[in-house]
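>
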Amino acid sequence: MPSRKKSTMFASAFLTCVCSFVVICVVLATQHWMTSQVHFSGTNSSSTVSLTYGLFSGTCELLVDAGLQLSESTFQVADNLRSTGAKAMITAIIVILVLSLLSSLLSCGFTCTNAVSNPYQTFLGPIGVYTWNSLCGLLTLLAMILFPVNIEENNLSIELSRGCFPSLQRHLSSAHTYGYSYWLMLLIIFQNIASIIIIYFYDHARYSKKKEQERPIENAPKDVILF
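Residue numbers are given in the UniProt record's numbering: position 99 of the sequence shown equals residue 99, and the series is strictly consecutive.
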């Protein structure tokens, strides 16, 4: 059985890993990644498309000059994208977050195992926890980078606006605001860092204690050691 200190430290890390897993699920499930105001010019007037969307679906509404709402609808992101690049990037972000979810799940399993037992395999100990938490954090960070790239380079909001309202003409300007679903990924990264720090402190304390136990033998007189 593990010591009380080890159980406490790994149980704390397990809780942060569970929280990370839950937050990734929320990020994937909610559709508040981006809110965009996309402005277009027409023959006799200009119009604005207001979008709120995530990785899978969203809502859009069309407003004319006077602020009059002409129509409002929901849409599926994949169905509204004509650009192969934008669609491929969205798919890549989803795959990356699913892999991050699996990494978080494995991290939960490793920390739970160490909280209740002493695994024989080295990789099942702190090294495994470091590996899966680091991978989860890096994948989440990659998703945070790719989404803005898709917005700016592939004109994601403009593509979605034209998918909702095909009659739109010349694009004038766009204003973007990142929603809570996007910023929650920062929380995931911090939770993974917290798990790594907790296990590092345990691992460092264990190493220091082991060195302290070896020191009396190293400092003992030779005749005592021989005896």
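The beta carbon of each residue, even a glycine, is placed where N, CA and C say it ideally should be.
(1) Give the straight-line distance between the Cα atoms of ILE196 and ASN133, rounded to the nearest whole angstrom.
(2) Could you give the first and the last residue of the continuous beta strand (DSSP E) run that contains THR35?
(3) For ILE225, does the three-state DSSP call read helix, strand or coil?
(4) In its own chain, which residues sit with a C-beta less than 8 angstroms from the C-beta of ASP79, not counting the 5 before and 5 after it?
(5) What residue does the beta strand (DSSP E) around ARG170 start on, and which one ends it?
(6) Using the beta-carbon count (16 or more within 10 Å), is VAL98 buried or exposed?
(7) Under 7 angstroms Cβ to Cβ from ILE193, same chain only, skipping five residues before and after it: list those, please.
(8) How about ILE151 and MET9: do their beta carbons lie closer than 9 angstroms?
(9) Rounded to whole angstroms, what's the CA-CA distance from THR54 to ASN114? Just pull it up for me.
(10) If you count every other CB in all the chains shown that lies within 10 Å of the CB of LYS5, and 16 or more means buried, which is it?
(11) So the candidates are SER161, TYR130, ALA92; which of them puts its Cα closest to the Cα of VAL149?
(12) Count the other CB atoms within 10 Å of the CB of ALA143; is the residue buried (16 or more) or exposed (fewer)?
(13) Nearest-angstrom Cα distance between THR131 and VAL95?
(14) For ILE90, count the other beta carbons within 10 Å of its own beta carbon; 16 or more makes it buried, fewer makes it exposed. Which is it?
(15) To which residues does DSSP link PHE75 through a beta bridge?
(16) Under 9 angstroms, Cβ to Cβ, is there at least one residue of chain D near SER47?
Inspection of the coordinates gives the following:
(1) 7 angstroms
(2) From DSSP, the beta strand (DSSP E) with THR35 extends over 34-41.
(3) In this prediction, ILE225 has a pLDDT of 44, which is less than 50 and means its spatial position is unreliable; what the coordinates show is noted afterwards. Correct three-state label for ILE225: helix.
(4) Cβ-Cβ distances below 8 angstroms link ASP79 to GLY163 in the same chain, with the five nearest sequence neighbours on each side left out; the list follows chain order.
(5) 170-178
(6) exposed
(7) GLY137
(8) no
(9) The sequence given here has Gly at residue 54, not Thr. Going by the C-alpha atoms only, they are around 37 angstroms apart.
(10) exposed
(11) ALA92
(12) buried
(13) 19 angstroms
(14) buried
(15) GLY58
(16) The structure shown has no chain D; it contains just one protein chain.
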